[in-house]
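Below is one structure; the comments refer to it alone.
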Amino acid sequence: MPKPSSAPPPPGAITPDLLLMLDAIARHGSFARAARELGKVPSAVTYAVRKLEDNLDVLLFDRSGHRARLTPAGQTLLEDGRHLLRSLDDLACRVKRIATGWEVELRIAVSAVLPLEPLLDLVRDFQALGGGTTLRISEEVLSGSWDALASGRADLIIGADASGTPAGAYHSTAMGQTQLGFCVAPQHPLARLGRPLTAQDIAEHTAIVVADTSRDLPPRTRGLLHSQSLIVMPNMRAKMQAQIRGLGCGYLPMTLAAGPITAGLLVDCPIEDVIAPTEHVVYAWRAERPGQALAWWLEKLRSPRLCESLLGVS
Numbered sequence: 001m002p003k004p005s006s007a008p009p010p011p012g013a014i015t016p017d018l019l020l021m022l023d024a025i026a027r028h029g030s031f032a033r034a035a036r037e038l039g040k041v042p043s044a045v046t047y048a049v050r051k052l053e054d055n056l057d058v059l060l061f062d063r064s065g066h067r068a069r070l071t072p073a074g075q076t077l078l079e080d081g082r083h084l085l086r087s088l089d090d091l092a093c094r095v096k097r098i099a100t101g102w103e104v105e106l107r108i109a110v111s112a113v114l115p116l117e118p119l120l121d122l123v124r125d126f127q128a129l130g131g132g133t134t135l136r137i138s139e140e141v142l143s144g145s146w147d148a149l150a151s152g153r154a155d156l157i158i159g160a161d162a163s164g165t166p167a168g169a170y171h172s173t174a175m176g177q178t179q180l181g182f183c184v185a186p187q188h189p190l191a192r193l194g195r196p197l198t199a200q201d202i203a204e205h206t207a208i209v210v211a212d213t214s215r216d217l218p219p220r221t222r223g224l225l226h227s228q229s230l231i232v233m234p235n236m237r238a239k240m241q242a243q244i245r246g247l248g249c250g251y252l253p254m255t256l257a258a259g260p261i262t263a264g265l266l267v268d269c270p271i272e273d274v275i276a277p278t279e280h281v282v283y284a285w286r287a288e289r290p291g292q293a294l295a296w297w298l299e300k301l302r303s304p305r306l307c308e309s310l311l312g313v314s
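The numbering of the sequence shown is the UniProt record's numbering, which starts it at 1 and goes up by one.
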């Protein structure tokens, strides 16, 4: 997305800056959190939105509850605004690609089931190229990876579940598979049962989850029981730390959990009549001619050694 500027918008104008504010507030449900993300003081965000509401003579947010919620008018403005922001991004990228072959920005969405560390060496090597492309790396959960690619929030997704591929013109390449384990801390009651767990055993304890990050595609869940109480964490590493502290239970990708299991911080519990689930993962990009930055990353991802490192294969 375009970077917010510090210059004040002209009266009544719907600018990219204001659309970015609306997007951040809608995602966080909070003016204060949106301001923190955008590097602004909360009063500036509140003033800008109220000024826009006055100029348009509409209410964009319902502020009556604990979360700021979009009104129907605000939802319409945000949905159309997101299309506009993506169009501006695409225009800037096309112009620079024509001039230099390098994208203005390359957006890479990495699945939460994969560790980021193996990609950091590639980031350093990419910087050394001096192409001037800004890297924007995000973490996505469940359907969020494909949603990011389909909506234009990402140019490349790494570690997406192959079974969740939506309709559309995409290229994808298989990386391998990840295994999930049902993990709890050694002091958790489920670890003390000394037998395969049943659904009833699991239902009696709090599940630690990370919410699907999809915005447009139907969200998914994995391994949840309807009767379970939940704690929703902001990312996969926070989920794992919560489980290490004994706050709850849940599935974890072995790409991340293998180390804590070996160290005795987590226990991988067998579940009655259930084989440990696996997920076939791919990296994917849109079916169009890539710029030099995307082409460079696609070439690096062809390395079996890199894929093995991301999947925790020794």
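We put the CB at the ideal spot given by N, CA and C, even for glycine.
Tyr-283, buried or exposed, once every other Cβ within 10 Å from all chains shown has been counted against 16: Within the sequence shown, residue 283 is the residue found at index 283, counting from 1. Its Cβ being crowded by 16 or more others within 10 Å, Tyr-283 is buried.
Short Cβ contact (8 Å threshold) for Met-236 with Ala-109: Counting from one through the sequence shown, the residue named residue 236 turns up at place 236. Counting from one through the sequence shown, the residue named residue 109 turns up at place 109. Between Met-236 and Ala-109, the C-beta gap is not smaller than 8 Å, which leaves the two residues out of contact.
Buried or exposed by the 16-neighbour rule on C-beta atoms within 10 Å, applied to Gln-127: To locate residue 127, count along the sequence shown from 1; it is residue 127. Answer is exposed; the Cβ neighbour count stays below 16.
Proximity to Arg-245 [Cα-Cα], best of Ala-211, Thr-206, Gly-312: Along the sequence shown, one-based indexing puts residue 245 at 245. Out of Ala-211, Thr-206, Gly-312, Thr-206 has the C-alpha closest to the C-alpha of Arg-245.
Environment of Leu-120 [buried if 16+ CB atoms lie within 10 Å]: As a first step, residue 120 is located in the sequence shown; it is residue number 120 there, counting from the start. It is exposed - the Cβ of Leu-120 has fewer than 16 other Cβ atoms within 10 Å.
Cβ-based neighbour list, Pro-9, same chain, cut-off 7 Å, excluding 5 preceding and 5 following: To locate residue 9, count along the sequence shown from 1; it is residue 9. Its pLDDT being 47, under 50, Pro-9 is placed unreliably in this model, and the value from its coordinates should be taken loosely. Contacts found: Thr-15, Asp-17, Leu-18.
Meets three-Cβ-pair contact criterion under 8 Å: the stretch 277-291 and the stretch 156-163: As far as the Cβ criterion goes, the stretch 277-291 touches the stretch 156-163, which means the pair count is three or higher.
Beta-carbon gap between Leu-310 and Pro-115 smaller than 8 Å: Locating residue 310 in the sequence shown gives position 310, where the first residue counts as 1. Locating residue 115 in the sequence shown gives position 115, where the first residue counts as 1. Cβ atoms of Leu-310 and Pro-115: closer than 8 Å.
Entirely enclosed alpha helix (DSSP H) segments - the stretch 67-116, minimum 4 residues: The qualifying runs are 72-100.
Collapsed DSSP secondary structure at His-28 in the structure displayed: Residue numbering aside, residue 28 sits at position 28 when the sequence shown is read from its first letter. In the structure shown, His-28 sits in a helix (DSSP, three-state: H, G or I).
Touching by the beta-carbon criterion (3+ pairs, under 8 Å), the stretch 198-213 and the stretch 140-153: Yes: the two stretches touch, three or more of their Cβ pairs being nearer than 8 Å.
Runs of alpha helix (DSSP H) lying entirely within the stretch 238-275, each at least 4 residues, in chain order: Counting only runs of 4 or more residues that sit fully inside the stretch 238-275, the alpha helix (DSSP H) segments are 254-262, in chain order.
Cβ shell of Gly-312 (< 7 Å), same chain only, five flanking positions each side left out: Position 312 of the sequence shown holds residue 312. Met-254, Thr-255, Ala-258.
For Pro-11, three-class secondary structure by DSSP: As a working note, residue 11 is residue 11 in the sequence shown. The predicted model places Pro-11 with a pLDDT of 49, which falls under 50 and marks its position as unreliable, so this point remains unresolved.
Sheet register partners of Thr-134 (DSSP bridge): Along the sequence shown, read from residue 1 onward, the residue named residue 134 stands at position 134. Beta-bridge pairing links Thr-134 to Glu-105.
DSSP three-state assignment for Ala-172, whether helix, strand or coil: Residue mapping note: residue 172 aligns to position 172 of the sequence shown, counting from 1. Looking at the sequence provided, one finds Ser at residue 172 rather than Ala. In this structure, Ser-172 counts as strand in the three-state DSSP scheme.
Span of the alpha helix (DSSP H), counted from its first residue to its last, around Met-57: For the purposes of this step, residue 57 is identified with residue 57 of the sequence shown, where counting begins at 1. The sequence given here places Asp at residue 57; Met does not occur at that position. Looking at the DSSP string, Asp-57 is not in any alpha helix (DSSP H), and its letter there is neither H nor E.
Local Cβ density within 10 Å of Asp-125, reported as buried at 16 or more and exposed below that: Counting from 1 along the sequence shown, the entry for residue 125 is found at position 125. Exposed.
Own chain partners of Pro-166 with C-beta closer than 7 Å, once the 5 adjacent residues on each side are dropped: Mapped onto the sequence shown, residue 166 falls at position 166. Answer for Pro-166: Trp-146, Ala-150, Leu-217, listed in chain order.
Alpha-carbon to alpha-carbon, Leu-265 and Leu-190: Walking along the sequence shown from the start, residue 190 turns up at place 190. Walking along the sequence shown from the start, residue 265 turns up at place 265. Near 14 Å, if we compare the C-alpha coordinates of Leu-265 and Leu-190.
Helix, strand or coil at Thr-198 according to DSSP, with G and I counted as helix: Your numbering for residue 198 matches position 198 in the sequence shown. Residue state, collapsed to three classes: coil.
Length of the line joining the Cα atoms of Arg-63 and Glu-79: Counted from its first residue, the sequence shown places residue 63 at position 63. Counted from its first residue, the sequence shown places residue 79 at position 79. Roughly 19 Å separates the two Cα atoms.
Cβ of Pro-42 within 8 Å of any chain C Cβ: The chain inventory of the structure shown lacks chain C, comprising one protein chain alone.
Inter-residue CB distance, Ile-208 and Cys-269 (contact presumed, cutoff 8 Å): Numbered from 1 along the sequence shown, position 208 holds the residue referred to as residue 208. Numbered from 1 along the sequence shown, position 269 holds the residue referred to as residue 269. Contact flag wrong, Cβ pair sits at about 14 Å.
Spatial neighbours of Thr-46 in its chain, beta-carbon cut-off 7 Å, leaving aside the 5 residues before and after: Locating residue 46 in the sequence shown gives position 46, where the first residue counts as 1. If we look at Thr-46 and ignore the five residues flanking it on each side, its Cβ neighbours are Phe-31.
Proximity winner among Asp-90, His-66, Thr-76, relative to Val-58 (alpha-carbon distances): The sequence position of residue 58 within the sequence shown is 58, counting from 1. The residue from Asp-90, His-66, Thr-76 with its alpha-carbon nearest to that of Val-58 is Thr-76.
Separation of Gly-74 from His-28, as counted between CA atoms: Taking the first residue of the sequence shown as 1, we reach residue 28 at position 28. Taking the first residue of the sequence shown as 1, we reach residue 74 at position 74. Cα to Cα, His-28 sits roughly 15 Å from Gly-74.
8 Å Cβ cutoff met for Ala-154 and Ala-148: Locating residue 154 in the sequence shown gives position 154, where the first residue counts as 1. Locating residue 148 in the sequence shown gives position 148, where the first residue counts as 1. Going by C-beta atoms, Ala-154 is nearer than 8 Å to Ala-148.
Beta carbon of Val-104 nearer than 8 Å to that of Thr-133: Locating residue 104 in the sequence shown gives position 104, where the first residue counts as 1. Locating residue 133 in the sequence shown gives position 133, where the first residue counts as 1. A contact, by the Cβ cut-off of 8 Å.
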